[in-house]
Amino acid sequence: MNSFARATRPLYRSLAPLGDRILIRRAVKETKTAGGILLPTDKAKESNEGSVVATGPGIRDVSGVLHAPTLKAGDTVMLPKYGGTEIEIGDEKMSLYREDDILGKFD
14 MNSFARATRP
24 LYRSLAPLGD
34 RILIRRAVKE
44 TKTAGGILLP
54 TDKAKESNEG
64 SVVATGPGIR
74 DVSGVLHAPT
84 LKAGDTVMLP
94 KYGGTEIEIG
104 DEKMSLYRED
114 DILGKFD
């Protein structure tokens, strides 16, 4: 690879989910309680909300029909406490879930 190509390529990679997988950016951890008490960042519980960054094309059933995901980029969703695959793209941490694992969508 020449120096020009190395200098012009993006500094991070993008990820396009496959099948029925959904790429999620988790919401920022809460550092303040409802009563106004500030929590140390290491003690703040992980948020169970996130926003959809990208979706896969969907999944095919046994007859070959493609079922597109019901979520789209920008949707805010409720996530399970455990599950998903943690990934890091650039300096940002994201999670990859199957559509069936996502608990719900906020309006």
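Number 62 in the working numbering belongs to position 49 of the sequence shown; there are no gaps in the numbering.
Cβ atoms here follow ideal geometry from the backbone N, Cα and C, with glycine treated the same way.
Residues near residue i in its chain [Cβ-Cβ closer than 7 Å; skip 5 each side]
{"i": "residue 61", "result": "91, 92 and 94"}
{"i": "residue 40", "result": "60, 62 and 63"}
Length of the line joining the Cα atoms of residue i and residue j
{"i": "residue 66", "j": "residue 49", "result": "31 Å"}
{"i": "residue 69", "j": "residue 116", "result": "18 Å"}
{"i": "residue 106", "j": "residue 63", "result": "12 Å"}
{"i": "residue 12", "j": "residue 110", "result": "Nothing can be reported for residue 12, as the shown portion of the chain is limited to 14 through 120."}
{"i": "residue 77", "j": "residue 84", "result": "21 Å"}
{"i": "residue 113", "j": "residue 119", "result": "16 Å"}
{"i": "residue 38", "j": "residue 44", "result": "18 Å"}
{"i": "residue 46", "j": "residue 100", "result": "28 Å"}
Residue i in three-state terms, based on DSSP
{"i": "residue 24", "result": "Residue placement at residue 24 is flagged as unreliable, the pLDDT there being 48, under the threshold of 50; a coordinate-derived value is accordingly withheld."}
{"i": "residue 112", "result": "helix"}
{"i": "residue 90", "result": "strand"}
{"i": "residue 118", "result": "strand"}
{"i": "residue 62", "result": "strand"}
{"i": "residue 42", "result": "coil"}
{"i": "residue 84", "result": "coil"}
{"i": "residue 79", "result": "strand"}
{"i": "residue 67", "result": "strand"}
{"i": "residue 52", "result": "coil"}
{"i": "residue 36", "result": "strand"}
Neighbourhood of residue i by C-beta distance below 8 Å, restricted to the same chain and skipping five residues each side
{"i": "residue 71", "result": "32, 33, 79, 80, 81 and 82"}
{"i": "residue 73", "result": "79 and 80"}
{"i": "residue 86", "result": "65, 66, 67 and 68"}
Closest by C-alpha distance to residue i, when choosing among the options
{"i": "residue 97", "options": "89, 88, 103 and 108", "result": "108"}
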